[in-house]
Structures are given as C-alpha cells and as structure tokens.
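Residue numbers for the sequence shown follow the numbering used here, so the first one is 3 and each next one is one higher.
A short worksheet on the structure shown next.
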Amino acid sequence: MIKVDEKGFYGKFGGAYIPEMLHPNIEELTENYEAILASQEFQDEFRGLLKDYVGRPTPLYFASRLSEKHGAKIYLKREDLCHTGAHKVNNTIGQIILAKKLGKKRIIAETGAGQHGVATATVCALMGMDCTVYMGEIDIARQHPNVERMKILGAKVVPATSGSKTLKDATNEAMRAWINDPVGTHYIIGSVVGPHPYPEMVARFQSVISEEMKWQLKEKEGTENPAIVIACVGGGSNAAGAFYHYYNTPEVRLVAAEAAGLGVSSGKSAATTALGTPGILHGSKTILMQTEDGQVVEPHSISAGLDYPGIGPVHAHLFDVGRGEFVAVEDKDAMMAGVELSQLEGIIPAIESAHALHALNMIEYSKDDVIIINLSGRGDKDLETYIKWGGY
C-alpha cells in the first residue's frame, strides 16, 4: 500500500529534517493544511480556479502518428495546455489559497526551468501578494524567457550564485529566506520535495492529473486503467500527479524517466536512482546523489527542470519497493524525442517531457497496450536549446 503516514514517511523516506528555526513554519502548516484542504470553501475556490483560470480538464489526446511509429496506443495528457504552459500551476493555485487562509502576506519560491517561478508569479498577481523567486544563475541564462515573464508578472527574481548555480542552490536560498521571515512568508515549494507536509500536499494538488486521466480514458477506451503511465522525474511533481490514483493499482505500470545527462557514468548526470543513496536533502530523507562523506554531487541535465540531485521521497519509496520502473534518459535522446513529437504530432514539448517520450524506447510493451505519457509542459521556454542543439 503506497500511502504517507502521520509523520510524513512513505516507507523509509520522507519526514521533516529541518533546523529549529523552521519548526514554527512547518508545525503551522502540518496542523492546519488538512482541515483547510478538506473544507468546502477551499475546494470550491480551488476547483473553480482550476476550471476557469487554469483551463482544466486538460485533454487526453490520442497521438495517432506517434502510436503508429512506436507500435502501441499512446495518449498524451496535455498539461502543456494549462495556463502558464505546464502542470506547475495546479500546485501554485492550491498553495496560494492555503497561504491566504493562513494569513500570509508574502510568497517565496524556487525554480529551475522557470515554470514553477512563472506559475508562482502568476498566482501572486492573481491574489495581489508580494512574490520573490530564487533561481540559479545558470538557469536564469538558459531560461531567459521565463525570467522575463516572472518580472512582467511583478515578481522579483533573485539569482543563486553558489554551488552549481541551479535548482538545488535556488532551493537553498529560498529556505534561508523563509527562516528569516517565518511569520509573514509562505514558501511555495514547486515539487514533491522538502519537509513534510510538502511532498504529500504538492502531490495532492497535482493528483488532479490522474483523477482526470481515469475518467477520460474510460470515455475513450472503456477502462480507467492504462497498461503504462510514463512521466519525467526531477523532484517529481508531475509524475506524482500522474501516478497518484494508480499507486495502489499494480496492473498499471508506473515508469519514471530521469535525466542521465551525458551518461549515467559520465560524471555529468542527474540519474538519482542509478547513482544515489539514501540521505537527507532539503528537509526530507530520500535518495540523492552524494559522496561517501555526504556531500551533494552536482547534477547535470540539458533540462533545467530535471537538473536536481535527488527525487521526492514518494518516488524514492516507489523505487525502493519496486512499484516504479526508473529509466535514465540521456540529453541527446531526450532532444531527439522532443523533435520527433514536434514533427509527428505538431506539439513541441518541454525538454523535461521529452525525457518521458524517449522512455518509449527503453521499456517493453505490446501493440495493444494503452500508454499514457504525461506531457508536463510545452517547449516555448526551450526553443533556444532546441535551436542550438538541432541547428535550426
């Protein structure tokens, strides 16, 4: 049974490993979020905004040419069609309502690919709240369009200049800022990482993805259950959302595509389950890439959103108990898969999502299998990377 316990653990992984100064913040969230989320008032506002503002439900699209190419029935869950261009807004809508009900006045967030930053800046503009987004200096350079979007939306973008200057370091900076203002600030974490209750809370907000998939597939195929669900995993929020309602349905295979970068053994990778060991990262026990003495190993991926040295504790548990199948996708293969979808279906995917697409080439299935790939975001933000890689 895949389920979080009262202390925030999925099996061996999870919990809240935090400095003393963060205890009041986490305790406030833990004591209040369940009741707030369960209230009819919250659900009405959350569901209303998902429908009228985000544009849900997102389509479940039968990709006929991709299906013919790969020899299976392949559906794409079109999270790229959400307002702001990715699944991230499902979570930020939920957390901004929660923050408002907790009386917070200021929002902080971290971002890698920039989609979570944009989604956070968007809901802060919607609710009239102050917004600061921490982003690695390298990611600022490679995701410039999203940086400009955040600024237009009224957010302050603060560069993280330490370490690898990517997502891990942006998360470090955001946590420091939260410690400095625990009373007035809410930290909108963008993935299923961090101390409890964040991993489960974010997964619940994202679970609308698999909730919709079940009834949409029933309409199209006469069954709620596909043979396989595939999603990319960095921290893993889109995957947690796509897997959530199938955790305890063993006949549905859950395939997670991690970023192998230049190769699992190259020293330039973010393939956590292939290279990692159990440890503490950003407030929870999970699997992460680290040295023998516990120093975090810098990750690498062509995709800013997968450039993270760990995975969320729920994914660590899925890997540990064998419920999830994890594959490591190299940069070049992800890029080819992204171009393939563009030219077969007229859909340019985010490079994160392209990792999930390439997983089709790494797993076994039959021609009658129904496969859902969670298309977590669109490729507008990655056009420069596509252009440089492909010489367009």
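Idealized CB from N, CA, C, for every residue including glycine.
Endpoints, alpha helix (DSSP H) assigned at residue i
i	result
Ala259	Careful: Ala259 lies outside any alpha helix (DSSP H), inside the beta strand (DSSP E) at 255-263.
Tyr19	No alpha helix (DSSP H) holds Tyr19; DSSP gives it neither H nor E.
Lys353	A small correction: the amino acid at residue 353 is Ile; Lys does not occupy that position in the sequence shown. Start and end: 353-360.
Lys71	66-72
Contact set for residue i: own chain, Cβ-Cβ below 6 Å, skip 5 residues either direction
i	result
Asn92	Phe207, Gln208, Val210
Tyr200	Ile191
Ala157	Ala123, Cys133, Val135
Ala162	Tyr136, Gly138, Asp171, Ala172, Glu175
Ser166	Glu300
Tyr12	Val6, Pro315, Val316, His319
Of the listed residues the options, nearest to residue i (C-alpha basis)
i	options	result
Ala101	Ser164, Leu39, His25, Met215	Leu39
Leu104	His85, Gly114, Leu155, Glu29	Glu29
His188	Gly381, Asn27, Leu377	Asn27
Glu202	Tyr35, Asp370, Asn376	Tyr35
Arg255	Val331, Val194, Ile373, Glu213	Ile373
Glu354	Pro315, His319, His302, Lys9	His302
Ala205	Ile350, Ser239, Thr225, Met215	Ser239
Asp382	Met131, Glu214, Ser344	Ser344
Ala259	Val299, Asp309, Glu213, Ser268	Asp309
Val331	Val257, Ile282, Thr288	Val257
His25	Lys9, Pro184, Ile109	Pro184
Ala306	Ile389, Val323, Glu347, Ile140	Ile140
Ala127	Ile154, Pro147, Glu70	Ile154
Arg49	Ile95, Leu68, Asn250	Ile95
Three-state class that DSSP yields for residue i in the structure shown
i	result
Ser286	strand
Gly392	helix
Gly379	strand
Val160	strand
Met137	strand
Thr251	coil
Val341	helix
Thr173	helix
His198	coil
Gly307	helix
Ala229	coil
Pro400	Past the boundaries of the shown model lies residue 400; the chain is included only from 3 to 394, so the question cannot be answered.
Tyr12	strand
Val210	helix
Thr122	helix
Enclosing beta strand (DSSP E) for residue i [first to last residue]
i	result
Gly96	Where Gly96 is concerned, there is no enclosing beta strand (DSSP E), although the alpha helix (DSSP H) it sits in stretches over 90-103.
His302	No beta strand (DSSP E) contains His302, which DSSP labels as neither H nor E.
Thr187	187-190
Ala111	108-113
Ala330	326-332
Own chain partners of residue i with C-beta closer than 7 Å, once the 5 adjacent residues on each side are dropped
i	result
Gly285	Ala18, Tyr19, Ile20, Gly196, Pro197
Residues near residue i in its chain [Cβ-Cβ closer than 8 Å; skip 5 each side]
i	result
Gly57	Leu83, Cys84, His85
Val329	Val257, Ala258, Ala259, Glu260, Ala361, Met364, Ile365
Whole-angstrom C-beta distance between residue j and residue i, which should lie under 8 Å
i	j	result
Leu320	Gly312	Leu320 to Gly312, Cβ: 14 Å. No contact.
Ile98	Val125	4 Å
Met152	Gly114	Contact doesn't hold; Cβ gap of about 13 Å is too wide.
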